[in-house]
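Report on the structure given below.
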Amino acid sequence: MADSNYSQALAFLQHIRGHPRFDGKLETLSVNSLEQILQSTFRLLKVEDTVRQATLAESLLNHTVLDSWGAYCEAEGIVETATLTQLLQYLRATYDTISSSYQALTELMSLTFSVDTDLPQFNQQFDYLVTKAELSANQPSLALNHYRHAMPTSIKKELFAADIVNVRQAQTRALVLWHTTRSLRADRNQEVDTHGEPMDIDQVAVKLNTHRGSNNCSGPNTRRGLQFNANQFPCTEAEFQQRLNAGACVYCGRNNHVYRHCQFRGQRKRTV
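Structure representation (C-alpha cells):
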C-alpha cells in the first residue's frame, strides 16, 4: 500500500510540474484554477478517494498556506479525514475572498472616466468594485477619494465642494456636470457647417434667405443688418449687392470670410 501511494504521489507530482504553488494570491493562482488543475490530474490518474485527493493536493500549497491548513485541520479534528472538498472550501473562505478584494481595490485605483463615455454605466461599475473591495462603510472618504481620482479635471474640481461628503453626492453632482457638458457640445456641433467651421450669423442668414428665395426681393437689405453705405464700403452699390447675394464679404469681396471678420476693415478707405 505504501509503495502504491508513493508511486501515485510521484505520478501526481510529474503531472503538476510547472504549475505555480497556491500562495493565496489571486494573481498567482486562484482557487478555481487550482481546483481545475487538481480535478484534471485526479481524473487522469484515476484517484477517487477524496481524502487521498486532499493529501496529494497539499503538495500544490506553499508552506505558509500549508501551515495554516494544518492548523485548521488540528483545530477541527480532521487531520486524518480531511477531504478535497473541505480543503477547497477552506482555501476559498480564507484566501480567495482576500484575493478578490485585493484585485477589486487594484481595479478601483486604476479606474478612470472620460466625458465621452457613459457616466451611469461607469457609476455602476464603480459601486460594484467598492462593494467587492470591501471598503469600510464607516470611512466614506475612502470611496469618495477614489471617485474623485477617477474623474477628469473638468468634473473633479467640482467634487471638492464643502457640501459633498460621500460618493452618492459626488455621483449626483458629476451626473449634472456630465449632462451639461454633453448638451453644450451638442449645441456647438449644431453651429458647425458642412466644412467643419463655426458658421457666422451672417452666413446663416444668407443661406436661409437663399433657400427661401429672398434674394429676389427688392431692396439692398438681403442680409439682416447690412445696408450699403458709400462711406463704409469700398465698392459701388451694385458690387455691394452682388457680394451680398453671393454670400461673400461685402467689404473686400472674398469668399472665405464675412464682413465682420474681414481683416481689411479699417485699413482701406473708399476714395470719394
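The opening position of the sequence shown corresponds to residue 16 in my numbering, with each subsequent residue numbered one higher. Using N, Cα and C, we set each Cβ at its ideal position, and we do this for glycine too.
Contacting residues, own chain, Cβ-Cβ under 7 angstroms from residue i (five flanking each side not counted)
i: Leu25; result: none
i: Glu95; result: none
Other residues of its chain near residue i: CB distance less than 6 angstroms, five sequence neighbours each side excluded
i: Phe128; result: Phe137, Ala165 and Met166
i: Leu144; result: Ala119, Glu122 and Leu123
i: Ser304; result: The structure shown does not extend to residue 304, since the chain is modelled only from 16 through 287, so no value can be given for it.
Host alpha helix (DSSP H) of residue i (start-end)
i: Ser48; result: Val46 to Leu60
i: Leu71; result: Thr65 to Ala72
i: Asp142; result: Leu134 to Lys147
i: Arg163; result: Pro155 to Ala165
i: Ala261; result: Glu252 to Ala261
i: Thr100; result: Leu99 to Leu106
i: Ile170; result: Thr168 to Lys171
Residues near residue i by beta carbon distance below 8 angstroms, same chain, minus five either side
i: Gln68; result: Leu53, Phe57, Val62, Thr98 and Leu99
i: Phe27; result: Thr56, Leu60, Val62, Leu71 and Ser74
i: Gly228; result: Legend: pLDDT at Gly228 = 44, less than 50; position of this residue unreliable, value from coordinates given subsequently. No residues qualify anywhere along the chain.
i: Arg163; result: Lys171, Leu174, Phe175 and Ala185
i: Gly92; result: none
i: Asn270; result: Ala261, Gly262, Ala263 and Cys264
i: Gln140; result: Leu126
Residue i - partner residues in DSSP beta bridges
i: Leu28; result: According to DSSP, Leu28 bridges with nothing at all.
i: Phe37; result: Leu76
Anticipated Cβ contact below 8 angstroms, residue i with residue j, distance rounded
i: Phe279; j: Cys267; result: 5 angstroms
i: Leu103; j: Val66; result: At roughly 14 angstroms, the Cβ-Cβ gap does not stay under 8 angstroms, so Leu103 and Val66 are not in contact.
i: Val191; j: Ala158; result: That pair is no contact at about 19 angstroms.
i: Thr109; j: Ser83; result: 7 angstroms
i: Ala189; j: Ile170; result: 5 angstroms
i: Val130; j: Thr187; result: The Cβ separation is near 17 angstroms, so there is no contact.
i: Gly39; j: Val80; result: 6 angstroms
i: Leu36; j: Asn77; result: A quick correction: the sequence has Arg, not Leu, at residue 36. Going by Cβ atoms, the distance from Arg36 to Asn77 rounds to 4 angstroms, so yes, they are a contact pair.
i: Trp193; j: Leu134; result: 5 angstroms
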